[in-house]
Amino acid sequence: MLLEELVLENFGIYKGRHVIKLKPDSIDKPIILFGALNGGGKTTILNALKLALYGKFAECSNRGGLSYPDFLARSVNRNKEKDTPSGVELQFTHRRDGAEEVIRVVRRWKGSSNNTRESVNVLKNGVEDDVIAERWYEYIDEFMPSQISSLFFFDGEKIESLASDDQSSELIRTGLHSLLGLDLVDRLAKDLLLIENRKSTDLVDDESKEQLERLSSELTALNKEKKGIKISLARHKIELDKITNTIDKIRKEYLREGGDLLEQRDALYSEKKAIEERLADSEYTLRELASGDAPLLMIHKLLIETKNQLEKETASKTFKNVKKTISTRDSALIQFIESQQIGVDVIENIQSYLNDDLKNLDMRNKVKTFINVDGSTFNRIDNKVLKELKFQIKQQQTHTIKIHEKLTGIDRKIVGIPDPEALQDFISKLEEAEDSKKRREIEIAVQEVALEKAINKATAVQNSYESKLVINTSKTFENENEYRILDQSKIFRDTLNLFRSKVSIKHLSHLEELIFTSFQQLIRKNDLVTRIEIEPNTYNLILIDKYNAELPSDRLSAGERQLLAISILWGLAKASDRPLPSVIDTPLGRLDSNHRNYLTENYFPYASHQVLLLSTDKEIDKEYYKDLEPFITHRYLISYDEIQNTSYVKPGYFF
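Under my numbering, think of the first position of the sequence shown as 5, with each following residue one higher.
Here it is in structure tokens:
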């Protein structure tokens, strides 16, 4: 189905005739964006679409409990020209039996609330078709039943209320039953029960009838009480989410101003004292190391050079003593050789060699004397010991520097601790919000107990009613045929319940997968939820985390729960397997800024082949408009003309 054109004529805030083109230019640009200030007429667009399609069955936002004629009368523009009609027209295309049909439905009405007269005309492929006009509700139900319209036409602000567990399970139940036609089964089962109760009541005596009526009244009151508690409970949970968001915002501002340091003040001072003690111990160890041989490390190189010089001087002194011995030996050797009558030339050569050798030895051991001390002076200077000492000192210095750095970091934090008076406003707001949160949590707990009591009491009254009805009817049954009707009705009702249960279970796994993939596509956190299950009896949503454990929904943030609610709507829409457009009023609703980009990037461009967004400038602002721009085919700005007393729809947007 593709919406092509919407016409508003003296409808709501729109005076005169206004024609709006809705057909996308291409499949790559499915979005039609409407911009309007609050009260400017954007919700009227959504109401007009619903009214054109569903007439008296349309769930319009401003209808409330009004009858259809009264609603039509209230929808007439108050400043319209006299004797001009009011109405809405919608042209769309869809495929039926393999052929494309262009349908234009025209609704017009005149008169006051007491005698409003509506006319409905339908053109098929440009030709008026009275048969479709007369059977319009049957015709539209073939491809877009009113029961599932809320999956495609919805107000983003209502998403917040769907985020609670009770509302989401009710949404799944209603949506699934509508898609599978089980709402008809539910209606039939209720009608059968009503017939059974009426027939059984007719057969009991007056006294028992009075008791049954009392029990019935009590049951009605209890059901009303349950409904009231559920509504109140949902409202309180929404308020709790708001308070929690407020606390988060205040705390972020509080932390930004140094609130975390203020909270850590005592701990920081205690930590500083402990670090100062460690620093004192480390510095004492350094002083102890410095009081021994450490000063020698300052002249370690010089000491080594001095020791080497001393060794050379000692060797030189030793050689001087040895030189005399060598000279004496050389002289004795020459005398011995001469006595052996060896030739003079040989003796002279030997004499020359010995003299040269002694001179060379003398040159090699000739060292200037600088130290001239006893060599034992350097015996206590062990190079290995000094190296070990140097290593110990370096380690201790590194340890001391690290402690200094920690102390500097602590001092920096302490300097950054704000004055408590400067944060008193934040502290007061936090305390007030925390108190409000506790009160709301207590109210929720009390109401949950009250709801459980009401449910138990209603069950008891229902059982009492049914048992009393059975007892009395069995006593008074004289007509076997009446008994057979009641008996068969109960059997048929049980069969309907069994059928409904089996059909639901059969389709639940497919719906679970659709909701899960929609949620994954939206949130892009693959490790947050790895599987989604639906409990067959209650339709409660069960989230499974990466550890294959159940993830309580309250572990999700308020924004994540709203995204989950949108995923349910999206999953149900996919389950319908109908190519229908999506129309979303207040598209970003009350979603916080941290989660809005999930919708603009991952939902709106892919929600359907045609997506109408009705937004204020505070929702789709410049940032989000930039994200959506590649997917936008038409832009419309709705503005109010105070002189003409009407809103106009013109091409463009706020910027």
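For glycine and all other residues, C-beta sits at the position ideal for the given N, C-alpha and C.
Would you say the segment 157–165 touches the segment 527–538, given that touching needs at least three Cβ pairs under 8 Å?
Pairwise C-beta distances place the segment 157–165 out of contact with the segment 527–538, as fewer than three of them are shorter than 8 Å.
With DSSP run on the structure shown, which of helix, strand or coil describes E554?
Assigned with DSSP and collapsed to three states, E554 falls in strand.
With DSSP run on the structure shown, which of helix, strand or coil describes V533?
Assigned with DSSP and collapsed to three states, V533 falls in coil, not helix or strand.
Mapping DSSP to helix, strand and coil, what is I136?
In this structure, I136 counts as helix in the three-state DSSP scheme.
Tell me which same chain residues have a C-beta within less than 6 Å of the C-beta of E268, skipping the five on either side of it?
With the sequence shown as reference, residue 268 is identified as Gln, and Glu is not the correct amino acid for it. Apart from sequence neighbours up to five positions away, no residue of its chain approaches Q268 with a beta-carbon distance below 6 Å.
Pull up the distance between the alpha-carbon of S580 and that of S561, whole angstroms please.
Annotation: S580 to S561 spans about 29 Å, alpha carbon to alpha carbon.
Residues sharing a beta bridge with E13, DSSP:
E13 is bridged to R21 and G91.
So, under 8 Å CB-CB, I144 and L6 are touching, yes? Tell me the CB distance rounded to an integer number of Å.
With 8 Å as the limit, I144 and L6 do not qualify as a contact, their Cβ atoms being about 15 Å apart.
Ignoring anything shorter than 3 residues, give me the beta strand (DSSP E) runs that lie fully in the segment 23–58, in order along the chain.
Complete beta strand (DSSP E) runs here, min 3: 35–40.
Just the Cα atoms here: how many angstroms apart are N606 and S508?
Roughly 29 Å separates the two Cα atoms.
Quick check: L272 and I421, are their CB atoms within less than 9 Å of each other?
Taking 9 Å as the cut-off, the beta carbon of L272 is found closer than this to the beta carbon of I421.
How long is the line joining the alpha carbons of Y666 and S651, rounded to whole angstroms?
Any answer about residue 666 is impossible in this case: the structure gives the chain only from 5 up to 659.
One or two residues paired with E104 in a DSSP bridge:
Partner(s): R99.
With 16 other Cβ atoms within 10 Å as the buried cut-off, status of I538:
With 16 or more other CB atoms across the displayed protein chains lying within 10 angstroms of its CB, I538 is buried.
For L325, which option in D366, E292 and L337 has the closest C-alpha, if you only look at C-alpha atoms?
Looking at the sequence provided, one finds Asn at residue 325 rather than Leu. Looking only at D366, E292 and L337, the smallest Cα-Cα distance to N325 is reached by D366.
Exposed or buried, what is V135 when buried is set at 16 or more other beta-carbons lying within 10 Å of its beta-carbon?
Exposed, since its Cβ has fewer than 16 Cβ neighbours within 10 Å.
Measuring alpha carbon to alpha carbon, tell me which of I176, N129 and N119 ends up nearest G575.
The shortest C-alpha separation from G575 is found at I176.
Taking 8 Å as the cut-off, does the segment 274–290 touch the segment 397–414 (at least 3 CB pairs, one atom from each stretch)?
The way I'd put it, the segment 397–414 does touch the segment 274–290; three or more beta-carbon pairs between them come closer than 8 Å.
Taking buried to mean at least 16 other C-beta atoms within 10 Å of its own C-beta, is S343 buried or exposed?
Counting Cβ neighbours within 10 Å, S343 comes out exposed, since fewer than 16 surround it.
Applying the 10 Å Cβ sphere with the 16-neighbour rule, what's the burial state of D29?
So D29 counts as exposed.
Can you give me the Cβ contacts of A238 inside the same chain, cut-off strictly under 7 Å, excluding the 5 residues immediately before and after it?
If we look at A238 and ignore the five residues flanking it on each side, its Cβ neighbours are S165, S168, D170 and Q171.
Where the alpha helix (DSSP H) through D631 begins and ends
Its alpha helix (DSSP H) spans residues K626 to L632.
Which residues DSSP lists as bridging T650, in chain order:
D645.
Which residues DSSP lists as bridging W113, in chain order:
Paired residue(s): S90 and E122.
Can you check whether the CB of H22 is closer than 9 Å to the CB of V653?
The answer is yes: Cβ separation under 9 Å.
Report the partner residues of K128 according to the DSSP bridge assignment.
Answer by DSSP bridge pairing, in chain order: I107 and V131.
Per DSSP, cross-strand counterpart(s) of D159
Answer is D589.
In chain order, what residues of the same chain have a beta carbon less than 6 Å from the beta carbon of N81, not counting five sequence neighbours either side?
Contacts found: N14 and K19.
Over the uninterrupted alpha helix (DSSP H) stretch that includes S597, give me the two end residues.
Run containing S597: S597 to N606, per the alpha helix (DSSP H) assignment.
Comparing the C-beta of Q399 with each C-beta of chain B, is any distance below 9 Å?
The structure shown has no chain B; it contains just one protein chain.
So, are the CB atoms of L50 and D589 less than 9 Å apart?
Taking 9 Å as the Cβ cut-off, L50 and D589 qualify as a contacting pair.
Identify whether T289 lies in helix, strand or coil by the three-state DSSP scheme.
Looking at T289 - three-state DSSP - the assignment turns out to be helix.
Are the Cβ atoms of H613 and P34 separated by less than 9 Å?
Yes, the Cβ-Cβ distance between H613 and P34 is below 9 Å.
Helix, strand or coil for E438 per DSSP?
Correct three-state label for E438: helix.
From the DSSP output, in three-state form, read off I548 for me.
In the structure shown, I548 falls within a strand segment according to DSSP collapsed to helix, strand and coil.
Once you ignore the five residues that flank Y72 on each side, which residues in its own chain have a CB closer than 7 Å to its CB?
Excluding residues up to 5 positions away in sequence, K60 lie with their Cβ nearer than 7 Å to the Cβ of Y72 in the same chain.
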